[in-house]
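Participant: Just so you know, the protein sequences line up as chains A and B, in that order. Mind the numbering: the first sequence is residues 6 to 79 in this note's numbering, read in order. Mind the numbering: the second sequence is residues 147 to 421 in this note's numbering, read in order. Every residue gets a Cβ at the ideal spot worked out from N, C-alpha and C, and that includes glycine. Please read all numbers here as calculations on a predicted model, not as lab measurements.
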Amino acid sequence: MSDSNHYDEFGFYAPLPVDRAARREPGADFPTGPEIGSALPTVCLPNQQGQLVDIRQQCGNRRAIVVFHRSAYW
Amino acid sequence: MFAVSNDTVERLADFATQHGITFSLLSDEDSAVIRAFGIMNTLIRPDEGKHMRWHGIPYPGTYITDEAGIVVDKDFHQHHARRLSGRGLLHRVLGTLPEQHADAPGATSEGNDVTLTTSLVDPTLMLEVISLLVCRLHIAAGQHIYAPGAPEGFTQATIEFHGEGLRFGEPAWPEPQQLNMTDLNIQVPVYEKEVIVSVPVTATSELVRLGHGLDQSSAKITIVCTYQSCDEVSCALPATIETTFSVPLEELVEPEGVKTYAKRVEQEQAAKGVE
Chain A
6 MSDSNHYDEF GFYAPLPVDR AARREPGADF PTGPEIGSAL PTVCLPNQQG
56 QLVDIRQQCG NRRAIVVFHR SAYW
Chain B
147 MFAVSNDTVE RLADFATQHG ITFSLLSDED SAVIRAFGIM NTLIRPDEGK
197 HMRWHGIPYP GTYITDEAGI VVDKDFHQHH ARRLSGRGLL HRVLGTLPEQ
247 HADAPGATSE GNDVTLTTSL VDPTLMLEVI SLLVCRLHIA AGQHIYAPGA
297 PEGFTQATIE FHGEGLRFGE PAWPEPQQLN MTDLNIQVPV YEKEVIVSVP
347 VTATSELVRL GHGLDQSSAK ITIVCTYQSC DEVSCALPAT IETTFSVPLE
397 ELVEPEGVKT YAKRVEQEQA AKGVE
């Protein structure tokens, strides 16, 4: 199959050609945000029902998993 | 559990409805939180992929916080498609080695004084989703095997992993015990009773192409374990246990955009007459 322009340097295939901006991958030293041991910055955003959610308030004294992802659309 | 992206509330609502998601999908439409975390993907310019909202996406990753909201662990990968599986993440959060799940594939093989039981923590493998393969070596009573790091002349236990289209990470061996060999005046690292070794395993694009369904329904994993079993006075000859089992492959939950791009590729290839 002649779809070599869909495979990146990691051998990963996506239907979007590799020369598109969304296919750019960072170097190994890319930023990963707050360090282990620091407080999670405030996250207060609308959820899928449009209701404002403050992660810290909603968790109370429970642990949390917070995932940042690229898109639920593409 | 919370998921954050720069998608609009409407798109998150559609996705949640379509896939029955009940945890919070949070809309950071102007990427203010993503910027505050310092994880915005700056490789995409504001004018690129505007209608798809490419600009403003984060470098994807996961934070785990404790009861006081302190980050106690995080998981980021250089390639955007790589992430831990649900169970892999859960075991990492809980700090536990996984029990064998009834729905997870695996195999058991008997060797000389050692039984190797292997199982995946997840029921399936998905493209670039990092699962864990757990190998349990049950060592016969009164016997020991030499651990990695044993001096030259001792057959150290090794486990090799093979699978076409699969990527294996580094195996994690537990701390061994130290056996005092007074005659030789040395200490040798050994394992007794049971050793649990885990290794990350991932399906790559050699097996699954994003957006194009599955060309095959399963992948084969072969595990080769070499060891030497000894008691206090004598050793058996070095031995090998080899086992192979099948792991089902599963499609990722793919957003609408991925399917649209894939359809376009298939149409272009059909027009060119590419097989």
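1. With H, G and I counted as helix, E and B as strand and the rest as coil, what does DSSP make of histidine 223 of chain B?
2. Using DSSP with H/G/I as helix, E/B as strand and the rest coil, what is methionine 6 of chain A?
3. Do you know offhand how far glycine 16 of chain A's Cα is from glycine 311 of chain B's?
4. Starting from tyrosine 205 of chain B, trace the beta strand (DSSP E) in both directions and tell me its first and last residue.
5. Do you know offhand how far methionine 6 of chain A's Cα is from aspartate 24 of chain A's?
6. Using the DSSP secondary-structure output, state which residues sit across from tyrosine 373 of chain B in a beta bridge.
7. In whole angstroms, what separates the C-alpha of valine 264 of chain B from that of valine 280 of chain B?
8. Taking 6 Å as the limit between beta carbons, can you name the residues of its chain near histidine 226 of chain B, skipping five residues before and five after?
9. Check the C-beta distance from arginine 68 of chain A over to aspartate 329 of chain B and give it rounded, since I have them as a contact under 8 Å.
10. Can you grab the Cα-Cα spacing for the pair serine 76 of chain A / glutamate 194 of chain B, in whole Å?
11. Specify, as a first and last residue, the run of the beta strand (DSSP E) that arginine 61 of chain A falls within.
12. Assuming isoleucine 305 of chain B and valine 343 of chain B are in contact, meaning their beta carbons sit under 8 Å apart, how far apart are those beta carbons, in whole angstroms?
13. Mind checking who leucine 236 of chain B pairs with in its DSSP beta bridge?
14. Would you call the segment 357–368 of chain B in contact with the segment 317–325 of chain B, where contact means no fewer than 3 C-beta pairs closer than 8 Å?
15. Using a C-beta to C-beta distance shorter than 8 Å, which residues of chain A count as neighbours of valine 404 of chain B?
16. Between glutamine 289 of chain B and aspartate 377 of chain B, how many whole angstroms is the CB-CB distance? I'm expecting something under 8 Å.
17. Hey, how far is the Cα of asparagine 52 of chain A from the Cα of proline 46 of chain A?
18. Kindly indicate the opening and closing residues of the alpha helix (DSSP H) around leucine 158 of chain B.
19. Roughly how many angstroms lie between the CA atoms of histidine 197 of chain B and arginine 313 of chain B, to the nearest whole one?
20. Could you tell me whether any Cβ in chain A is nearer than 7 Å to the Cβ of glutamine 224 of chain B?
21. Quick one, which residues of the segment 312–331 of chain B are near chain A if we go by CB-CB under 7 Å, in chain order?
22. Looking at the structure shown, is tyrosine 78 of chain A part of a helix, part of a strand, or coil, going by DSSP?
23. Are the Cβ atoms of glycine 234 of chain B and isoleucine 276 of chain B separated by less than 7 Å?
24. Starting from glutamine 413 of chain B, trace the alpha helix (DSSP H) both ways and give me its first and last residue.
25. In its own chain, which residues sit with a C-beta less than 6 Å from the C-beta of isoleucine 190 of chain B, not counting the 5 before and 5 after it?
26. Give the interface partners of glutamate 397 of chain B over in chain A, defined as CB-CB distance under 9 Å, in chain order.
27. Hey, does phenylalanine 148 of chain B have any beta-carbon neighbour from chain A nearer than 7 Å?
28. Compare the beta carbon distance of alanine 349 of chain B and leucine 273 of chain B with 7 Å and say whether it is the shorter of the two.
29. When you compare only the Cα positions, how much space is there between glutamine 413 of chain B and phenylalanine 300 of chain B?
30. Do leucine 172 of chain B and alanine 162 of chain B have their CB atoms nearer than 7 Å?
31. Classify phenylalanine 3 of chain A as buried or exposed, calling it buried when 16 or more other Cβ atoms lie within 10 Å of its own Cβ.
32. Could you check if valine 399 of chain B is buried or exposed, using at least 16 other CB atoms within 10 Å of its CB as the buried criterion?
33. Identify whether lysine 366 of chain B lies in helix, strand or coil by the three-state DSSP scheme.
34. Counting only Cβ pairs nearer than 8 Å, list the residues of chain B close to serine 9 of chain A.
Facilitator: Straight from the coordinates:
1. coil
2. At methionine 6 of chain A the pLDDT is 45, less than 50, meaning the model places this residue with poor confidence; the figure from the coordinates comes in the next sentence. Correct three-state label for methionine 6 of chain A: coil.
3. 11 Å
4. Segment: none, tyrosine 205 of chain B is in no beta strand (DSSP E) and carries neither H nor E.
5. Here the model assigns methionine 6 of chain A a pLDDT of 45, short of 50, so the residue's position is not dependable, and the following value carries that caveat. Each residue's Cα considered, the two are about 18 Å apart.
6. B:Ala385
7. Note that residue 264 of chain B is threonine in the sequence shown here, rather than valine. Taking the straight line joining both Cα atoms gives about 6 Å.
8. Pro206
9. That belief does not hold up - the Cβ atoms of arginine 68 of chain A and aspartate 329 of chain B are roughly 51 Å apart, past 8 Å.
10. If I take the Cα positions, the gap works out to 15 Å.
11. Segment 60–64 is the alpha helix (DSSP H) holding arginine 61 of chain A; no beta strand (DSSP E) there.
12. Right, their Cβ atoms sit about 6 Å apart.
13. Beta-bridge pairing links leucine 236 of chain B to no other residue.
14. Contact between the segment 357–368 of chain B and the segment 317–325 of chain B is absent, because fewer than three Cβ pairs lie under 8 Å.
15. Ala19, Pro20, Trp79
16. About 6 Å separates the beta carbons of glutamine 289 of chain B and aspartate 377 of chain B, which is inside the 8 Å limit, making them a contact pair.
17. Looking at the two C-alpha atoms, the distance is approximately 18 Å.
18. 155–165
19. 34 Å
20. yes
21. Correct list: empty, as no residue qualifies.
22. coil
23. yes
24. 402–418
25. In its chain, beyond the 5 residues on either side, Trp200, His201 have a beta carbon closer than 6 Å to the beta carbon of isoleucine 190 of chain B.
26. The contacting residues do not exist; glutamate 397 of chain B stays about 14 Å from chain A at best.
27. yes
28. yes
29. 59 Å
30. no
31. Nothing can be reported for residue 3 of chain A: it is not among the residues displayed for chain A, which extend from 6 to 79.
32. exposed
33. In the structure shown, the three-state DSSP call for lysine 366 of chain B is strand.
34. Here the premise fails: no neighbours, minimum Cβ distance about 12 Å.
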